[in-house]
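> Residue numbers (the working numbering): 1 to 129. Cβ coordinates follow ideal geometry from the N, Cα and C atoms, glycine included. It should be emphasised that the depicted structure is a prediction, and the values quoted were computed from it without experimental measurement.
What follows is the structure, given as structure tokens:
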């Protein structure tokens with residue numbers, strides 16, 4: 001049985017840098033099915049080829065359709081005073097600090113979007129949950 005692995009990723013820079021960062025981690029956990037395995041991609045979509053996977057198939061078979069979860073692009077941020085009214089003390093956030101700028105991304109919002117495309121400290125960032 002494959003060990004449970006939780007991946008929290010923050011990538012700064014180009015998509016090719018993201019791929020290089022992800023590949024060494026993934027190779028050690030990849031499972032290859034004995035026959036080609038496809039999961040429905042939703043109405044009008046091609047199926048997902050999950051013949052090689054990291055996440056157990058039974059955990060993703062009832063997933064939502066491709067592109068059904070919108071990414072957040074250039075998100076709006078609240079002032080510290082507003083945040084005190086919007087978040088509870090127990091709410092979790094992902095934090096990013098680059099070049100003297102810091103931002104926090106509430107997990108409660110990331111649960112609905114999963115990906116944030118933003119910039120912090122003048123650098124493009126992708127926050128993935």
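#1: Give every residue of the same chain whose Cβ lies closer than 6 Å to the Cβ of residue 7, excluding the five residues on either side of it in the sequence, and list them in chain order.
#2: Do you know offhand how far residue 43's Cα is from residue 67's?
#3: For residue 106, I'd like the list of residues in its chain whose CB is within less than 7 Å of its CB, leaving aside the five on either flank, ordered along the chain.
#4: Classify residue 130: buried if its beta carbon has 16 or more other beta carbons within 10 angstroms, exposed otherwise.
#5: Can you look up residue 80 in the DSSP assignment and give me helix, strand or coil?
#6: State yes or no: is the C-beta of residue 117 within less than 9 Å of the C-beta of residue 73?
#7: Output the distance between the C-alpha atoms of residue 56 and residue 111, rounded to the nearest integer angstrom.
#8: Helix, strand or coil for residue 114 per DSSP?
#9: Between residue 84 and residue 78, what straight-line distance do the alpha-carbon atoms span, to the nearest angstrom?
#10: How many Å lie between residue 96 and residue 122 at the Cα?
#11: What's the gap between the Cα of residue 54 and the Cα of residue 39?
#12: Among 104, 47, 52, which one has its Cα closest to the Cα of residue 33?
Well, looking at it:
#1: Unreliable placement is indicated for residue 7, whose pLDDT of 38 sits below 50; no coordinate value is reported for it.
#2: 12 Å
#3: 87, 91, 93
#4: Because the chain spans 1 through 129 in this model, residue 130 falls outside it and cannot be assessed.
#5: helix
#6: yes
#7: 20 Å
#8: Correct three-state label for residue 114: coil.
#9: 10 Å
#10: 12 Å
#11: 15 Å
#12: Nearest neighbour of residue 33 by Cα position, chosen from 104, 47, 52, turns out to be 52.
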